[in-house]
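Each protein sequence line maps, in turn, to chains A and U. Using the working numbering, you'd call the opening residue of the first sequence number 35 and step up by one each time. Using the working numbering, you'd call the opening residue of the second sequence number 729 and step up by one each time. Data first, discussion second: the structure below is written as structure tokens.
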Amino acid sequence: MIQFLAKRLAIYVPMLALMSIVSFGIIEAPPGDYLDDYVALLKASGEYDEGDAQRLERRYGLDSPFYVRYWKWVSGVVRWDLGDSLEFRRPVNELVNDRLAMTVVLGVFTVVFTWTMAIPIGIISAVKQYSFIDYAFTFLSYLGVGTPNFLLALVLMWTAFSVFGVSITGLFSDEYIDAPWSLGKIWDMFTHMWVPMLILGTDGTARLTRILRANLLDELGKPYVETARSKGLSEWRLILKYPVRIALNPFVSTAGWTLPTLFSGSLIVAQVMSLPTVGPLLLKALQSQDMYMAGSIVLILTALTLVGTLLSDIVLGFMDPRIRMGA
Amino acid sequence: MTNDSDTLIRVEDVRTHFFLDEGVVKAVDGVSFDLARGATLGVVGESGCGKSVLARTIIRIVPRPGRTIDGAIWYHRPSEGGGERPIDLASLEADGAEIRDIRGGEITMIFQEPMVSFSPVHTIGDQIVEAVTLHRNATREEARAIAVDTLRRVGIPNAESRIDEYPFRLSGGMRQRAMIAMALSSNPTLLMADEPTTALDVTTQAQILELMADLQEEFGMAMMLISHNLGVVAQTTERIIVMYLGKVVESADVRTLFRDPKHPYTQELLKSVPKLRRRRQTERLAAIYGSVPSPYERPAGCPFHPRCPQFMAGECDVIEPTLKAVSEGHSVSCLLYSEETDS
Chain A
35 MIQFLAKRLA IYVPMLALMS IVSFGIIEAP PGDYLDDYVA LLKASGEYDE
85 GDAQRLERRY GLDSPFYVRY WKWVSGVVRW DLGDSLEFRR PVNELVNDRL
135 AMTVVLGVFT VVFTWTMAIP IGIISAVKQY SFIDYAFTFL SYLGVGTPNF
185 LLALVLMWTA FSVFGVSITG LFSDEYIDAP WSLGKIWDMF THMWVPMLIL
235 GTDGTARLTR ILRANLLDEL GKPYVETARS KGLSEWRLIL KYPVRIALNP
285 FVSTAGWTLP TLFSGSLIVA QVMSLPTVGP LLLKALQSQD MYMAGSIVLI
335 LTALTLVGTL LSDIVLGFMD PRIRMGA
Chain U
729 MTNDSDTLIR VEDVRTHFFL DEGVVKAVDG VSFDLARGAT LGVVGESGCG
779 KSVLARTIIR IVPRPGRTID GAIWYHRPSE GGGERPIDLA SLEADGAEIR
829 DIRGGEITMI FQEPMVSFSP VHTIGDQIVE AVTLHRNATR EEARAIAVDT
879 LRRVGIPNAE SRIDEYPFRL SGGMRQRAMI AMALSSNPTL LMADEPTTAL
929 DVTTQAQILE LMADLQEEFG MAMMLISHNL GVVAQTTERI IVMYLGKVVE
979 SADVRTLFRD PKHPYTQELL KSVPKLRRRR QTERLAAIYG SVPSPYERPA
1029 GCPFHPRCPQ FMAGECDVIE PTLKAVSEGH SVSCLLYSEE TDS
């Protein structure tokens, strides 16, 4: 297991370094340097100060070659100093911290929701293949895959507003939006969380249901299932112990990718529902060429993806001895 | 039903059919035989003759869309106070408590592919201990001790450490030994083996067959060995039934069957077994003419008639023969031996 993890880390650490270079490339991609834009902005607002500009030039090493600039940036990132946002004229990390936490929490909730729905439905659909219940779930899951998330969000929002007269946007009630963190605020967040969780989870649930059903149908015909049956185990017990366990492997191995998918997939939903997650921030940063912000968010997402993949590797290693022992 | 106290299983006219969109496949179509306590029976036939389905019918694990639609399987179940109680296994609910008690406990089964018949993500021990705790009144530690002991008896070296291995760490022969250990761990009255050596290399085959013969004697259980290979069956069993397209075409003890095969199909099967001391070494190995017909288009009359070298036009393709005794303990289902054609 340790050897297996060491091998994984040997791949992921260089990959993360590589991705930081790509992210920095994104920051540097727009013509002109960051300072030109900043100076232009300051001049336009009449707050220009020669001293500020020189201080910034030194800080980001803007007259040095690429690798020096990269090094200055990346050594800042390691200390969680992500540079300044051009748009908000505040350090990026201040802007990102809360939203990042919110995004991860929403992501985790959505994954938990997705799994608790998809696993039992997938199992029932496979075991009762071609039954009424299987057809019903198949119909629903096609509907789930086919409906764009943002459309579902709009429909839900409109229904909630016109029928119940409540607004279900955002993650907080008005009184908590700018309030400092407290138990009340956390509770308020949970009461708002279920709507975006439902919307974001529908698509994933539908997809995973189909995948699990297909995997399990493959496994149910395998000889080891017949062996288990010939032992005299009851049908449900043997299905849950043997084929389901193996059919779940792809779930675990793809769980790491779920987080970034939720980021990109949830961008439109987050925009529509005005959720305080990272997605809308990234969109805004890209629109206004706020490159330190954009590059930082891209790097954070990449890092989260790698961490997620590493976590699913670890879980998979525990679940499947063939992977753990490299067979 | 029988009063014969020696009988363990009496199969009466059992039919297991598969209801597919393309048609009905009569995998087992009116099979009857008796198996005495502690006796050995070989079931022989080409692929698709229904021999594997027959075994699965007995323990009621025929996969969908297969169904046992007719017949009785009288199992003389030993009861606690000594004595026995006949139960018709065919009438039990396939996932019910009673058949599950018998299945894997009193009647166990070994499968063809040792490489894939164990779950790859559970240890051998976990899978054997599960079988033991299901059928024997044992704690986990006791069950583990039984498992180690059985693994040792099937000739697995270092059983106490091998028990914690995953299947993919064992060779095919070792896995099949572990499979046999699992089937024996509950002290069955009947062990069914479905092509237990087909997936193994020839040396391992011989070892496994010898092991099974030894264990059968040691444990005193009845054994039903299913194989397409007459040689394998002849080595390990006393009686043989030959199946063709879901029907028993001939049934005899091993000696009689090899010395005096009656059914043309049995004769052809025997001709296709290679012999070391052949009169002319250049002689080609005989193959049975034609191939097994499509399961959806069973020939009328005798199912073997399109391939039969002794085909009688107007008889074999019209009249369906039934199993008749030609001598004591030897029956054949062929019109060549029925009174109608003799006269």
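Think of the CB as a built atom: it goes at the ideal place given N, C-alpha and C, for glycine as much as any other residue.
The C-alpha of U:P806 lies about 13 Å from the C-alpha of U:E826. The beta carbon of A:T292 sits closer than 6 Å to the beta carbons of V145 from its chain, once the five residues preceding and following it are set aside; these are given in chain order.
Measuring C-alpha to C-alpha distances from A:M191 to each of A:Q305, A:P355 and A:L50 identifies A:Q305 as the nearest. Taking C-beta separations shorter than 8 Å and ignoring five residues to either side along the sequence, the partners of A:V102 in its chain run G95, following chain order. Chain-order list of chain U residues neighbouring A:Y258: V844, S845, F846, S847 and P848, by C-beta distance under 8 Å. In the pairwise beta carbon analysis, the segment 758-776 of chain U is classified as touching the segment 947-961 of chain U: at least three pairs are separated by under 8 Å.
Annotation note: the segment 93-129 of chain A contains the following uninterrupted alpha helix (DSSP H) runs of length 4 or greater, listed N- to C-terminal: 100-112. For the pair of segments examined, the segment 254-263 of chain A was found to touch the segment 830-847 of chain U: the number of CB pairs separated by less than 8 Å reaches three.
The beta carbon of A:P284 sits no closer than 8 Å to any beta carbon of chain U.
Boundaries of the alpha helix (DSSP H) around A:M327: M325 to M353. For the segment 346-357 of chain A, the residues whose beta carbon sits under 9 Å from a beta carbon of chain U are, in order, M353, D354, P355 and R356.
For A:Y164, no chain U residue has a Cβ inside 9 Å of its Cβ, as the nearest lies near 10 Å away. Here DSSP, grouped into helix, strand and coil, assigns A:M49 to helix. In its chain, beyond the 5 residues on either side, E978, K990, H991 and V1054 have a beta carbon closer than 6 Å to the beta carbon of U:V1060. Taking U:T925 as the centre and dropping the five residues before and after it, the same chain places the C-beta of Q933, I936, L937 and V960 closer than 7 Å to its C-beta, in chain order. Excluding five sequence positions before and after A:D97, the CB atoms of its chain that fall closer than 8 Å to its own CB belong to E91, given in chain order. In the DSSP secondary-structure assignment, U:G794 is bridged to U:F746. For U:A1015 and U:L998, the gap between their C-alpha atoms comes out near 10 Å. Put simply, the CB of U:D816 is far from chain A, with every gap to its CB atoms at 8 Å or more. Not flagged as an interface residue toward chain U: A:L246, since no C-beta distance is shorter than 8 Å. Contact between U:T917 and U:I786 fails: their C-beta atoms lie close to 12 Å from each other, not under 8 Å. Scanning chain A for C-beta atoms nearer than 7 Å to the C-beta of U:A859 yields K265, reported in chain order. Annotation: U:F747 has no Cβ neighbours in chain A at a cutoff of 8 Å; minimum Cβ distance is about 13 Å. Apart from sequence neighbours up to five positions away, the residues of its chain that approach U:P848 with a beta-carbon distance below 8 Å are Y894, P895 and F896, ordered along the chain.
At least 8 Å separates the beta-carbon of A:S300 from that of A:L232. For A:Y276, the chain U residues whose Cβ falls inside 8 Å of its Cβ are S847 and H850, in order along the chain.
Going by beta carbons, U:V976 and U:F761 fall inside the 8 Å limit. For the pair U:S819 and U:A800, the Cα-to-Cα distance works out to about 7 Å. Looking at A:L344, A:D354 and A:S330, the one whose alpha-carbon comes closest to that of A:N127 is A:S330. Per DSSP, reduced to three states, the secondary structure at U:K754 is strand.
The continuous stretches of beta strand (DSSP E) do not include U:I827, which lies in the alpha helix (DSSP H) extending over residues A825 to I830. DSSP assignment within the segment 164-209 of chain A yields the following whole alpha helix (DSSP H) runs of 4 residues or more, N-terminal first: 166-180 and 183-193. Around A:L345, the same chain offers A289 and G290 as residues with beta carbons nearer than 8 Å, after the five sequence neighbours per side are excluded.
Interface annotation for the segment 946-962 of chain U against chain A: empty, criterion Cβ-Cβ distance under 9 Å. Shortest Cα-Cα distance from A:T339 to any of A:F38, A:L39 and A:L50 involves A:L50. Here A:S57 is near A:T336, since their CB atoms are less than 8 Å apart.
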